[in-house]
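Beneath this line is the structure, given in structure tokens, with notes to follow.
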Amino acid sequence: MPEATPRTANLVAVAIALAAVVVVLGAYTRLVDAGLGCPDWPGCYGMILVPETAEEIARAEAAFPESPVEADKAWPEMIHRYAAASLGLVVLGIAVLAVKEGHSWKLPAALVLLVIAQGAFGAWTVTLKLWPQVVTTHLLGGFATLALLWVWWLALRGRRWRVEASLRGLSMTTLAVVVIQVALGGWLTANYAALACPDFPTCHGVWIPDMDFVAGFDIFQDVGPNYLGGLMSSDARVAIHVVHRLGAVAVLVSAGWLAFRLGARPLAWVLGGVLALQLALGIANVVFALHLAVAVLHNAGAAALLLVVVTTVCSIRSSGTIER
């Protein structure tokens with residue numbers, strides 16, 4: 000197997016940065032309710048750019064009479080699409096380059112397929128009018144793309160940390176818990192349940208509020224209604240919110256124990272620091288009533304936590320000796 004060229008590793012690093020931007024832009028787009036800022040896909044009201052002139056707006060609203068042009072929502076959606084499309088092209092280019100250089104085609108092929116799937120889910124997000132199942136899967140796909148690019152970069156750059164094989168089980172468990180929590184976060188935002196509990200640590204002043212778990216986690220919701228703003232009852236949204244809080248406790252226990260077991264090595268401090276910051280941002284989301292900057296940072300923190308845990312897993316899988 001040929002050695003990785005600096006060019007390939009640098010291009011993957013660029014793709015990682017772009018993927019992180021796409022993840023953050025996706026969060027911003029959801030939080031400002033701009034997911035349907037453009038009622039069609041891949042353009043916006045049939046145009047490449049957001050309609051802005053009086054003539055363009057008139058033509059757009061004639062074609063989509065049920066969706067008046069709101070430039071302040073259309074632009075975030077289109078900027079997110081431009082960034083996602085750019086990421087897809089970069090990933091495709093790196094994959095072609097890697098194969099030409101004689102590297103394994105499996106990871107590049109997986110990434111190409113993933114970004115293609117992400118494009119499809121991006122389209123379905125619009126055409127199915129923010130159906131929560133699609134929105135959540137699209138978010139998970141974005142995180143998966145970022146994580147796979149990170150794994151690729153770690154492989155190209157070589158091992159930086161090495162961790163005892165005895166921590167494999169705990170690391171994999173922590174990874175699973177973090178992924179589940181990300182999915183719960185996606186389901187929470189897709190169903191507009193972030194403010195279902197306006198206080199912390201209680202919910203509506205009680206420890207066990209009224210909840211409807213059956214409705215809250217109904218994955219067979221009808222396809223077709225416009226889900227902008229959410230359609231679930233208050234009790235269903237509270238159920239989602241409370242389960243997400245319980246998921247945060249599970250992440251705290253699992254990732255916190257992993258950080259402790261990692262000992263004094265830098266990876267432990269990074270994991271502990273990101274974990275503490277993410278928990279603080281989660282609490283701040285409630286305290287500050289989903290302040291936009293805090294909510295976007297919370298989404299970015301979830302991505303950072305995922306990457307740190309992935310780094311730990313990769314370090315264990317590739318370890319031969321222990322380095323502190």
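For reference, each letter of the sequence shown is one residue, going 0 to 323 in numbering that gives the first Met the number 0. Heads up, the beta-carbon is just placed ideally off N, CA and C, and yes, glycines get one too.
Buried versus exposed, by CB contacts within 10 Å (16 or more), residue i
i    : result
L138 : buried
N9   : exposed
N225 : exposed
R80  : buried
S232 : exposed
L305 : buried
I315 : buried
E76  : buried
R323 : Here the model assigns R323 a pLDDT of 34, short of 50, so the residue's position is not dependable and the matter cannot be decided.
Endpoints, alpha helix (DSSP H) assigned at residue i
i    : result
R244 : 233-261
S66  : Taken as a continuous stretch (DSSP letters only), S66 belongs to no alpha helix (DSSP H), as it is neither H nor E.
A16  : 5-30
K105 : 105-126
H137 : 131-156
P265 : 265-286
T188 : 167-189
Paired residues, beta bridge with residue i - DSSP
i    : result
M46  : C43
V213 : The partner list for V213 (beta bridge, DSSP) is empty, contrary to what the question assumes.
C202 : V205
Alpha carbon of residue i to alpha carbon of residue j, nearest angstrom
i    : j    : result
L24  : P107 : 24 angstroms
L183 : E54  : 43 angstroms
I207 : G281 : 19 angstroms
V150 : V181 : 18 angstroms
P197 : N284 : 10 angstroms
A192 : R236 : 5 angstroms
G319 : V162 : The predicted position of G319 is uncertain, since its pLDDT is 48 and thus under 50; no value can be drawn from it.
G168 : R260 : 12 angstroms
A263 : G271 : 11 angstroms
T173 : T52  : 51 angstroms
A249 : M46  : 46 angstroms
P200 : T188 : 19 angstroms
P64  : V89  : 36 angstroms
G157 : V295 : 31 angstroms
V22  : N298 : 8 angstroms
M0   : V312 : Here the model assigns M0 a pLDDT of 46, short of 50, so the residue's position is not dependable and the matter cannot be decided.
P5   : F219 : 47 angstroms
I321 : L166 : Confidence at I321 is low in this model, with a pLDDT of 37, below 50, so the placement of that residue is unreliable and no value is reported for it.
I93  : V286 : 43 angstroms
A97  : W104 : 7 angstroms
T124 : A62  : 20 angstroms
E100 : V11  : 14 angstroms
A275 : W160 : 21 angstroms
Neighbour flag for residue i against chain D, beta carbons, 8 angstroms
i   : result
V98 : Checking the listed chains, one finds no chain D in this structure; it contains a single protein chain.
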